[in-house]
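Novice: The following block contains the structure, expressed as structure tokens.
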Amino acid sequence: MTLNPASAETGLPIRLLHDRVLVKQEAAEGERRSSAGLVIPATASVGTRLSWATAVGVGPHVRAIQVGDRVLFDPDERSEVELHGEAYVLLRERDVHAVAASRVEPDATGLYL
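Mapping to the numbering used here: the sequence shown position 103 is 89, numbers consecutive.
And the structure:
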């Protein structure tokens, strides 16, 4: 798939190779609220916390993710890249823990074999 996150006059299109997934992370993680309404500051120590992002490009060998899907991944195992002033994260498909999309079947295992 060819990806052009910016207009044609600002740069070249990008083609992701193999099983790579380019994602745009959601808003920066700062303060958040618990389900009970308590404010949890950004400096609070938590265990390994996975992050959600939206897939903006996928390579030709990606099987389970499509552009526009929300994916869950470990932010400690990522490669950040800046394209035309925008920050993106480059992942391998096997580094994605879950996919949230309307086409996902409720009984599908989602295993990557």
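We put the beta carbon where it would ideally sit given N, CA and C, even for glycine. Everything numeric in this text was worked out from a predicted model, so none of it was measured.
On the CB-based measure, 16 or more other CB atoms within 10 Å of its CB, does E63 come out buried or exposed?
Specialist: Counting Cβ neighbours within 10 Å, E63 comes out exposed, since fewer than 16 surround it.
Novice: Please list the segments of the alpha helix (DSSP H) lying wholly inside the stretch 44 to 98, counting only runs of 4 or more residues, in order along the chain.
Specialist: Runs found: none.
Novice: Enumerate in chain order the residues of its own chain whose CB-to-CB distance from H47 is below 6 Å, with the five nearest sequence positions on each side excluded.
Specialist: Hits under 6 Å: H4 and D5.
Novice: Under a three-way DSSP split, which group does S21 fall into?
Specialist: It is coil, neither helix nor strand.
Novice: Which same chain residues, not among the five before or five after V53, have their C-beta less than 8 Å away from its C-beta?
Specialist: The answer, listed in chain order, is M(-13), A41, V42, G43 and V44.
Novice: Tell me which same chain residues have a C-beta within less than 7 Å of the C-beta of P61, skipping the five on either side of it?
Specialist: S37, listed in sequence order.
Novice: Output the distance between the C-alpha atoms of H70 and R78, rounded to the nearest integer angstrom.
Specialist: Using only the alpha carbons, I get a separation of about 22 Å.
Novice: Identify whether L8 lies in helix, strand or coil by the three-state DSSP scheme.
Specialist: It is a strand residue.
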